[in-house]
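>
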Amino acid sequence: MNTKVTIIMYHYVRDLLNSRYTEIKGLDINLFKEQIYFLKKNYNFITMEQLIDSIDGKFNLPSKSVLLTFDDAYIDHYTNVFPILANNNIQGSFYAPVKALTKHKVLDVNKIHFILASCNDKNLLVNKTNVILDRYREEYRLGSNEYYYKKLAIPNRFDPAEVIFIKRLLQVELEEKLRNIIVDELFEEFVRMKENTFSRELYMNEDQLKTMRKYGMHIGSHGYDHYFLNSLTEEQQYEEIKKSFDFIQSIGADPDYLTLCYPYGEFNDKTKKIAKQLNCKIGLTTNVDIADYRTENCLSLSRLDTNDIPKDKSSEPNGWFKKA
Ligand SMILES: [Zn+2]
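Residue numbers (the working numbering): 567 to 890.
#1: In the structure shown, what three-state DSSP assignment does Met830 receive?
#2: Let me know the secondary structure DSSP gives Lys847 once reduced to three states.
#3: If the criterion is Cβ atoms closer than 8 Å, does the pair Leu593 and Thr872 meet it?
#4: According to DSSP, what are the bridge partners of Phe636?
#5: Have a look at Ala890 and His788 and give me their C-alpha separation to the nearest angstrom.
#6: Are the Cβ atoms of Tyr769 and Tyr640 separated by less than 8 Å?
#7: Cβ of His670 versus every heavy atom of ligand 1: is any distance shorter than 7 Å?
#8: Going by the C-beta, is His643 closer than 7 Å to any heavy atom of ligand 1?
#9: What residue range is occupied by the uninterrupted beta strand (DSSP E) comprising Ser891?
#10: Taking only three categories from DSSP, how would you classify Val672?
#11: Can you give me the C-alpha to C-alpha distance between Ile650 and Phe660, rounded to a whole angstrom?
#12: Quick check on Gln774: buried or exposed, where buried means 16 or more other Cβ atoms within 10 Å of its Cβ?
#13: For the alpha helix (DSSP H) containing Gly885, name the first residue and the last one.
#14: Can you tell me whether DSSP reads Ile785 as helix, strand or coil?
#15: Using a Cβ-Cβ cutoff of less than 8 Å, which residues in the same chain neighbour Cys685 once the five nearest sequence positions on both sides are dropped?
#16: Please confirm whether Leu795 has its beta-carbon closer than 8 Å to some beta-carbon of chain D.
#17: Does the beta-carbon of Leu798 have 16 or more other beta-carbons within 10 angstroms, so that it is buried, or is it exposed?
#18: For Gln601, which option in Met575, Arg745, Ile720, Asn722 has the closest C-alpha, if you only look at C-alpha atoms?
Next comes the structure, spelled out in structure tokens:
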């Protein structure tokens with residue numbers, strides 16, 4: 567019996583060339599379509615409910631099963647992805663950060679993406695950040711600017727040193743309160759839009775989620791505040807997860823098929839304990855592998871990134887296909 571499924575993770579899916587922010591790291595719609603054709607040709611699409619039924623012994627997973635997941639409930643998913651999936655009779659699973667959607671906030675991680683995409687000169691951005699750090703150095707007992715740059719500005723295969731510096735400083739290194747202050751200041755200066763307005767343009771709204779649910783899409787939890795769950799106490803984690811499950815059920819999610827996609831892929835044993843207690847069936851991580859519920863815990867299944875799968879319908883399948 568097959569217990570393996572290729573779960574693919576997507577974030578932005580948009581008409582990049584014609585968008586206002588051409589630098590945003592996303593998947594172009596045409597490449598998304600090509601990838602769908604490639605998957606149709608080589609894999610078997612299943613639904614999240616079929617995966618859960620299969621774990622419960624009520625469904626047989628076909629070989630080369632594939633499942634598509636979309637994080638953060640971007641409007642891209644409603645406008646660009648949903649029609650393509652609906653036309654091809656494919657189910658997607660959508661993971662909404664509740665507070666961003668319902669209170670019209672913008673996640674810090676998204677603010678940082680758009681700050682970076684709005685400023686061509688990344689050195690200017692580093693300099694501006696350093697000026698703000700100077701202002702808060704005493705109050706927050708910060709190290710020197712050189713200390714942070716040396717520690718954090720390490721380029722990787724995706725980003726140059728300046729970009730990694732901004733991302734790591736503002737996503738992890740500084741304490742949350744100061745991170746928010748700096749991100750908001752840079753957002754105001756470079757993106758120049760009100761957070762409320764920007765949020766309404768960036769994310770889906772509740773009605774759009776409800777519509778997708780009505781058309782057979784799966785809606786799961788992505789936390790309330792999109793926190794690193796492993797950085798919270800057990801009580802805080804419970805609040806985060808409970809509130810997000812209440813929300814998705816209010817827009818039509820089936821209480822017998824609750825799923826949770828961990829923000830930033832981060833979780834710990836407490837997270838899994840709470841998820842189980844709240845009747846959650848599937849937990850999705852960002853560990854890069856083919857998911858297998860025989861060897862992995864159902865509450866910490868691996869996923870591949872869209873970039874791990876060919877984006878050309880005539881491509882030969884790659885190594886992940888053989889593992890699937
Ligand atoms: Zn997310």
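Don't be surprised by glycine CBs; every beta carbon is placed ideally from N, CA and C. Since the structure is predicted, the reported quantities are computational estimates derived from the model, not experimental observations.
Walking through what the data contain:
#1: Going by the sequence as given, residue 830 is Tyr instead of Met. Tyr830 falls in the helix class under three-state DSSP.
#2: strand
#3: yes
#4: Tyr576, Phe660
#5: 26 Å
#6: yes
#7: no
#8: no
#9: Only positions 567 to 890 of the chain appear in this structure, which leaves residue 891 out of reach.
#10: coil
#11: 14 Å
#12: buried
#13: 885-889
#14: strand
#15: Leu691, Phe756
#16: No chain D is present in this structure, which holds just one protein chain.
#17: buried
#18: Met575
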